[in-house]
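Novice: Residue numbers (mature numbering (1 follows the signal peptide of the UniProt record, and there is no 0)): -19 to -1, 1 to 66.
Here a beta-carbon is modelled for each residue, glycine too, at the ideal position from N, C-alpha and C.
A quick note: this is a predicted structure, and the numbers were derived from the prediction, not measured.
So, in structure tokens, the structure goes:
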């Protein structure tokens, strides 16, 4: 396949995805209920919920609402703001 066509398709898909993102403030995020597990793998995932282990610093993760709106999380502040990932 032509490398130029592949690159053009990749850039076009990234632009299309980025164009539909709605950003909201961290205090506007509304929770939505977790779907009930139906398969064995879903039941196992609910039973052994994975958790993030942050050993040093803080790792801010965005929150997503049911309508797809994304929160950028809290702003970094303080003397160690640069060292936070």
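1. In whole angstroms, what is the alpha-carbon distance linking residue 46 and residue 26?
2. Of all the options 11, 28 and -11, which has the alpha carbon lying nearest to the alpha carbon of residue 19?
3. Taking the alpha carbon of residue 3 as the reference point, which residue from 21, 35 and 43 has its own alpha carbon closest?
4. For the candidate residues 11, 31 and 15, whose alpha-carbon lies nearest to that of residue 51?
Specialist: Well, looking at it:
1. About 21 Å.
2. Closest by alpha carbon: 28.
3. Answer by Cα proximity: 43.
4. If we check each option's Cα against that of residue 51, 11 comes out closest.
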